[in-house]
Amino acid sequence: MRILVMDGAATGAQAQAVIACLTARQEGGLSLLATRVATGRGAAEQFPLLARELFAECGWTHAMPELVGVVVGPGSFTGLRASLAFAHGLAAGSGCAVAGVTGGEAVAAALCEAARPSGARALHCTIARRDRVFVETLEAGGASGTVSAHMLDALDLPAGPLLVAGNAADLVAEALPQRDDIHRADLPVSDPRAIAMVALRRLRGELPPRAAVPLYVDAPEARLPMAGLRPPPVMSGA
């Protein structure tokens, strides 16, 4: 099976957006064929161009992916919208399946395995805006549990021991120096193979369904005018 994965969830000027082509082998396992990484604000908006490069490198056309695994969040509003719009565009054009994957689900297998010997609880922590972080819990079997947002100076985490991963893992540990039961897991922030494996499991029905729509934790910052929307101007005929 030919699989395209995209992760445009990272937030901030130093964010990295990852897109990759893989194949699932009949005997099991995944082969990573090619990867591209875009950086900076609006990085995920480069996915259509980067996909063209990837497809040329792999000998694919836009009609050849059979599954798109796309990270749905939590994370960047713009990155999620851009990557999900492109995923659904490919699906509309080629008929491929689209599977949503949370950031926590992508690291769940490795994180829970690392936490098992100590009995620690696994948490996936993601950078949000304005000195805040998203904290995602994981259910048995690797599905996403709850996702909540916290100010770094008012973190409210469950009792430990905790094993944390994600691009905010260091921030979380440093924000709670008084807690010696929080440990950081050394895992890749965005692993195309891990994203593809979760997408495959979801496609096979091994994980609960998840719509490929943005997983928004925060409300949008855009607000309607206090006086409401203005009516359109009346156009008079000549």
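Residues in the sequence shown are numbered consecutively from 18, following our numbering. Ideal Cβ placement from N, Cα and C applies to all residues, glycine included.
Query                                                                                                                                                                     : Result
Using a threshold of 8 Å, state whether the C-beta atoms of Leu67 and Ala213 are closer than that.                                                                        : no
Going by the DSSP bridge assignment, what does Thr40 pair with across the sheet?                                                                                          : Arg19, Ser48
Please list the segments of the alpha helix (DSSP H) lying wholly inside the region 145 to 227, counting only runs of 4 or more residues, in order along the chain.       : 186 to 192, 209 to 220
When we look at the beta-carbon of Gln63 and count the other beta-carbons within 10 Å, is it buried (16 or more) or exposed?                                              : buried
What number of angstroms, rounded off, separates the C-alpha of Ala104 from the C-alpha of Val164?                                                                        : 23 Å
Output the distance between the C-alpha atoms of Thr56 and Ala176, rounded to the nearest integer angstrom.                                                               : 35 Å
Assess contact between the region 34 to 54 and the region 150 to 167, defined as three or more Cβ pairs (one per stretch) separated by less than 8 Å. Is contact present? : no
Which of the three DSSP states is assigned to Cys75 in this structure?                                                                                                    : helix
Pull up the distance between the alpha-carbon of Glu70 and that of Val54, whole angstroms please.                                                                         : 12 Å
On the CB-based measure, 16 or more other CB atoms within 10 Å of its CB, does Thr78 come out buried or exposed?                                                          : exposed
So within the region 63 to 115, which uninterrupted alpha helix (DSSP H) runs reach at least 4 residues, ignoring any that extend past its ends?                          : 64 to 75, 94 to 111
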